[in-house]
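To keep things clear, I will list the structure first and then write my remarks on it.
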Amino acid sequence: MSKKEGEILRKAIRDAGMTVQQFAEMMGYSGRTTLNYQFLKDRLDFEIKEKAAEILNTDVQTLFERMTNDQGADSEKEALRDLVETQKSLIRYQNEFITAQLIRNEAFESVILARMAEIEIATVPSRKGATLDAVLDEAESDVQEKIREIRDRLKLPS
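If you use this note's numbering, the sequence shown corresponds to residues 303 to 460, in order.
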């Protein structure tokens, strides 16, 4: 999004240390209203640009070259904004993927524990007659203990 020529003129007036009222009088306007209207324009008439450059003791090209510089800066800002949005999007997808993986891992753990408990009940003599829920509770307790052990080793918060 580029700056309007009117905005560039307003900034040039301020940079020159003049008030809008002073500049308006030098341009031949009776008050600031007409000049304020010019500030709102995207493109100024060439005559206005010429007279403004003369009053500001510069040439039209130098006065309005800021416009092309600002357009370059604006395009850089736009590119940076796009990069930030892309990064936010990637982080959102990454978080969704991590969440999906955690859910998958938890489901996988539950299924594996259930299958292991069934096998243990069927094959380990000391487990004969034990309920599946009791074996699963014990397995879950072992898993939680292992998680705490790993967290402690990695110095992660509990």
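Don't be surprised by glycine CBs; every beta carbon is placed ideally from N, CA and C.
Return the Cβ separation of residue i and residue j in integer angstroms, given the expectation that the two are a contact with Cβ distance under 8 Å.
i, j, result
"Phe341", "Arg316", "That belief does not hold up - the Cβ atoms of Phe341 and Arg316 are roughly 11 Å apart, past 8 Å."
"Leu346", "Glu307", "5 Å"
"Leu365", "Ala354", "7 Å"
"Leu337", "Met328", "About 10 Å separates the two Cβ atoms, so there is no contact after all."
"Arg450", "Ser460", "7 Å"
Is there a Cβ from chain C that is less than 8 Å from the Cβ of residue i?
i, result
"Gln323", "Of the chains in the structure shown, none is chain C; there is only one protein chain."
Around the C-beta of residue i, are 16 or more other C-beta atoms found within 10 angstroms, so that it is buried, or is it exposed?
i, result
"Ala326", "buried"
"Lys351", "buried"
"Arg453", "exposed"
"Ala436", "exposed"
"Ala314", "buried"
"Met303", "Note on Met303: pLDDT 39, under 50, position unreliable in the model; no value is reported."
Helix or strand or just coil, what does DSSP make of residue i?
i, result
"Ser332", "coil"
"Asp454", "helix"
"Ser460", "coil"
"Thr388", "helix"
"Gly308", "helix"
"Arg383", "helix"
"Arg429", "helix"
"Met320", "coil"
"Thr360", "coil"
Once you ignore the five residues that flank residue i on each side, which residues in its own chain have a CB closer than 8 Å to its CB?
i, result
"Lys430", "Ile423"
"Asp361", "Ala355"
Beta-carbon within less than 7 Å of residue i's beta-carbon, same chain only, minus the 5 sequence neighbours each way: which residues are those?
i, result
"Gln363", "none"
"Leu438", "Leu415, Ala416, Ala419"
"Phe410", "none"
"Ala402", "none"
"Ile421", "none"
For residue i, I'd like the list of residues in its chain whose CB is within less than 6 Å of its CB, leaving aside the five on either flank, ordered along the chain.
i, result
"Gln446", "none"
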